[in-house]
Amino acid sequence: MQITALAGGVGGARFLRGLLAHLDRSPDLAGSTITVIGNTGDDITLFGLRVCPDLDTLLYTLGGGIDEQQGWGRADETHSVQGELAAYGAEPQWFGLGDKDFATHIVRSQWLGQGVSLSEVTARLAARWGLPDRGVTLLPMSDTPVETHVVVDRGEGPSAIHFQEWWVRHQAAVPAERFVAIGMDRATAAPGVLDALRNADLVLLPPSNPVVSIGIVLGVPGVRDALRGTTAPVVGVSPLIGGAPVRGHADACLSAIGVESTTQAVAGLYADFLDGWLVDERDAEVEVGGPRFDPGLQVRALPLWMKDVDHAADIAGAALELGLELGRQGRHAV
Ligand code: GDP
Ligand code: CA
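Adding 411 to a residue's 1-based position in the sequence shown gives its number in our numbering.
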């Protein structure tokens, strides 16, 4: 089976690690391959280095090097470089970068500086983390730099700040008026991205942030059309449980684009291509068969908290099962 998934950082990575665990325990699915299309709208240049937070979270999580508590960054990390930078008064100091993590950004920046594309850089980093051996290809959504900025108004008229400044420094507490994906007008999908969607047997949307992770990937020219046109069923997992994000500030992102924090409203953002949707049991009564779901959408309820790899594997298994069921019924491209 060829599975293609769109992904942000922590939510996407934990789901995909569960998917790998599920494949490992399913002999009938042996030989399956996964292509992951990672969000690069979170990317930022710090201290002259190109940092790709979502791609790195995917690499470290799938490669076994993640800080499990935090959900991002490296396990067993030290912060000597950051301490030295602070001693020089170098800015910004609100973005945490550990020493091991710095090495990733240094080598990425070196290769990019030599003219190597972000796709190729990502493939080289992924090789170190053993992703190809596990059947995983990690693609950035685009080789063109795209950066999500947030338009805020703190009483002095609107101004735009980088997404990371809004998310990490301000903890999304400054009301956002809108998000702007700088560079998207010039962006093209990275090599392999559109084919991976068109030629997949199943497309998965992990429980990533619907606005600033999945929403940004969907903005890459051709991606949305490929999802509408693919013959593969598209199955998504709700990032909201009981109307609230499990972690992070997805509710603040949804409110900025005028969308309610409900799992139906999130599914509605994908209505033009979504075939199946997993919701948490807690949302089941109001959700399944509820009037606000598109009648064509197949909704299933199960516990959606990925409290460990086993639970994430169960969720991924349910997504695969729904996808197989939908695949047998045959998808009508929208
Ligand atoms: P980020 O880029 O690191 O913010 O990560 P993503 O965009 O991939 O995922 C963030 C989303 O994952 C948030 O909206 C969370 O609600 C969701 N999420 C995190 N943990 C879980 C979980 O255990 N279950 C579900 N269903 N969603 C989760
Ligand atoms: Ca992210």
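From the three backbone atoms N, C-alpha and C, an ideal C-beta is built for every residue, glycine too.
Can you name, in chain order, every residue of its own chain whose Cβ lies under 7 angstroms from the Cβ of aspartate 554, other than the five neighbours on each side?
-> Ser528, Leu529, Ser530, Ala601
Using 7 angstroms as the cut-off, classify the Cβ of valine 484 as near or not near the heavy atoms of ligand 1, replying yes or no.
-> Looking at the sequence provided, one finds glycine at residue 484 rather than valine. It does not: the Cβ of glycine 484 is nowhere closer than 7 angstroms to a heavy atom of ligand 1.
Report the option in Val645, Thr456, Arg545 whose CA atom is closest to the CA atom of glycine 741.
-> Val645
Would you say the beta carbon of proline 464 comes nearer than 7 angstroms to a heavy atom of ligand 2?
-> yes
Identify the residues that DSSP records as bridge partners of aspartate 564: which are they?
-> Pro569
Terminal residues of the continuous beta strand (DSSP E) containing phenylalanine 590?
-> 587-593
Reduced DSSP secondary structure (H/G/I, E/B, other) of tryptophan 688 | strand
Whole-number beta carbon distance between proline 650 and proline 618, since they are thought to touch under 8 angstroms = 4 angstroms
Give every residue of the same chain whose Cβ lies closer than 7 angstroms to the Cβ of arginine 580, excluding the five residues on either side of it in the sequence, and list them in chain order.
-> Trp505
To which residues of the same chain is alanine 655 closer than 8 angstroms at the C-beta, ignoring the five residues directly before and after it?
-> Asp662, Ser672
From which residue to which residue does the beta strand (DSSP E) around threonine 674 run?
-> Element bounds for threonine 674: not the beta strand (DSSP E) but the alpha helix (DSSP H), 674-680.
Option in Leu608, Leu665, Ala667 with minimal Cα separation from glycine 640 | Leu608
List the residues that DSSP assigns as beta-bridge partners of serine 553.
-> Ala600
Find the nearest neighbour of valine 518 within the set Ala418, Arg461, Gly442, Asp453, judged by alpha-carbon distance.
-> Arg461
Could you tell me the distance, in whole angstroms, from the CA atom of arginine 539 to the CA atom of leucine 733?
-> 33 angstroms
Do threonine 456 and ligand 1 come close, with the Cβ less than 7 angstroms from some heavy atom?
-> no
What are the start and end residues of each continuous beta strand (DSSP E) run of 3 or more residues lying completely inside the region 508-556, in chain order?
-> 547-551
Euclidean distance between Cα positions of glycine 476 and aspartate 719 = 16 angstroms
Sorry if obvious, but does the Cβ on valine 710 come closer than 7 angstroms to a heavy atom of ligand 1?
-> no
DSSP state of valine 558, grouped into three classes?
-> In the sequence under discussion, the amino acid at residue 558 is glutamate, which differs from the valine named in the question. Three-state result, glutamate 558: strand.
Terminal residues of the continuous beta strand (DSSP E) containing alanine 501?
-> From DSSP, alanine 501 is part of no beta strand (DSSP E); its letter is neither H nor E.
Flag glutamine 740 as yes if its beta-carbon sits less than 8 angstroms from any beta-carbon of chain D, otherwise no.
-> Structure shown: chain D not included; a single protein chain is present.
Within the same chain, show all residues whose beta-carbon is closer than 7 angstroms to that of alanine 729, passing over the 5 residues directly before and after it, in chain order.
-> Leu689, Arg711, Leu713
Determine the burial state of glycine 442: buried for a count of at least 16 other Cβ atoms within 10 Å of its Cβ, exposed for fewer.
-> exposed
Can you tell me where the alpha helix (DSSP H) with glutamine 740 in it begins and where it stops?
-> 720-740
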